[in-house]
Each structure stands twice: as structure tokens, then as C-alpha cells.
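Q: Take a look at this one; I'll ask things after.
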Amino acid sequence: MSSPFEAAFAAAAVTCDAVMAELFHYRPMTRGHDVNGRPAPDTARAATTILAIYGEPSARLGSGPVRTVGVDADRAAHANNRPFISIRLDQLPYAPADGDHAIRDKTGVTYRVAEILPGFGVARLDLNRVG
1 MSSPFEAAFA AAAVTCDAVM AELFHYRPMT RGHDVNGRPA PDTARAATTI LAIYGEPSAR
61 LGSGPVRTVG VDADRAAHAN NRPFISIRLD QLPYAPADGD HAIRDKTGVT YRVAEILPGF
121 GVARLDLNRV G
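Numbered per the working numbering, the sequence shown spans residues 1 to 131.
Below is the structure:
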């Protein structure tokens, strides 16, 4: 049984998707048994269409200790300029994996999942542009 917070979060996620999400074609990929092999579609996990909130690339530059815990202003700061998508995990019958492809329906651009940041029934998938 879910908590009242989980139920509220799930309702909010559906509402956010209705307002801000767009279509993506999610294509699971695998390298099989060869870690150096070229990625190929994963036949064990079916491709599907999902709704995802797309986030433009942004960079964290000049972050200091007041704004970001653990980063000193006089040291080089980490910068990240990858786009991302935020998805509800209940849209996929399997867990997303690094290396999977997400094709943005709006532009036709293909992205590779570079990092998965799980949340509470949702996940932020950091992306690298493939084509």
C-alpha cells in the first residue's frame, strides 16, 4: 500500500506529463556478451513510446560553497551540459539502462542514456546526442 505522499506524487507526475511532456520512442539497446561490441537493439526488452519531460542542456559554472555543497569557489567546478528527460517509471515494463536510446519525436534526434538518476517513481535520464 502506498503512502499519501506517494499517491500525491503520482498524481502530480501525471499532471506534469499532461502539461509539459512530449513523445519519445524508447529503444532498449545491448552489447550482448561483447562489452566492446556495437550497440544493437535488445530483443529481450520491447521498444515502446513514452511521455517524457525534456530538459535543455545547461551548465553549472562558477558554483560556490553557498550555492552548491562541497564545491569551493576557488577550485575548478564540474560543468555538465547534457540534455535530460524525466520519465515516470511505470511507463516502462523494465528498468531503463545505460546505453538505451531515446528518440525525440518532435525533432527526430536520437539520444543515448548516459546516466540514470532514480527518484520516487520517476527517473531523470541524462542523455548524449547520438544522431
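All residues carry an ideal CB built from backbone N, CA and C; glycine is no exception.
Please determine, among Arg104, Thr107, Phe84, the residue with the shortest C-alpha to C-alpha distance to Ala123.
A: Residue 123 sits at position 123 when you count from the first residue of the sequence shown. Answer by Cα proximity: Phe84.
Q: Look at the Cβ atom of Arg82, then the Cβ atom of Asn128, and state whether they are nearer than 8 Å.
A: Looking up residue 82 in the sequence shown gives position 82. Looking up residue 128 in the sequence shown gives position 128. For Arg82 and Asn128, yes; Cβs fall inside 8 Å.
Q: Just to confirm before moving on: does the CB-CB distance between Arg137 and Val130 stay below 8 Å?
A: The chain is shown from 1 up to 131; residue 137 falls before or after that span and cannot be answered.
Q: Pairing CB atoms from the stretch 3–21 with CB atoms from the stretch 32–49, are three or more of them under 8 Å?
A: The stretch 3–21 is not in contact with the stretch 32–49.
Q: Just to confirm my understanding: we take Lys106, look at its own chain, exclude 5 residues before and 5 after, and list those with CB closer than 7 Å. What are they?
A: Numbered from 1 along the sequence shown, position 106 holds the residue referred to as residue 106. Same-chain partners within the cutoff: Glu22.
Q: Can you list, in chain order, the residues of its chain with a C-beta nearer than 7 Å to that of Thr48? Leave out the 5 residues immediately preceding and following it.
A: Along the sequence shown, read from residue 1 onward, the residue named residue 48 stands at position 48. Excluding residues within five positions, the ones whose Cβ falls inside 7 Å are Tyr26, Leu92.
Q: In three-state DSSP terms, what is Phe5?
A: The residue given as residue 5 occupies position 5 in the sequence shown. Helix at Phe5.
Q: Would Ser86 pass as a contact of Ile53 if the rule is Cβ separation under 8 Å?
A: As a first step, residue 86 is located in the sequence shown; it is residue number 86 there, counting from the start. As a first step, residue 53 is located in the sequence shown; it is residue number 53 there, counting from the start. Contact flag set, yes.
Q: Count the other CB atoms, across all protein chains shown, that sit within 10 Å of the CB of Ala11; report buried if there are 16 or more and exposed otherwise.
A: In the sequence shown, counting from the first residue as 1, residue 11 sits at position 11. Counting Cβ neighbours within 10 Å, Ala11 comes out exposed, since fewer than 16 surround it.
Q: If you reduce the DSSP assignment to three classes, tell me which class Leu89 lands in.
A: Counted from its first residue, the sequence shown places residue 89 at position 89. Residue state, collapsed to three classes: helix.
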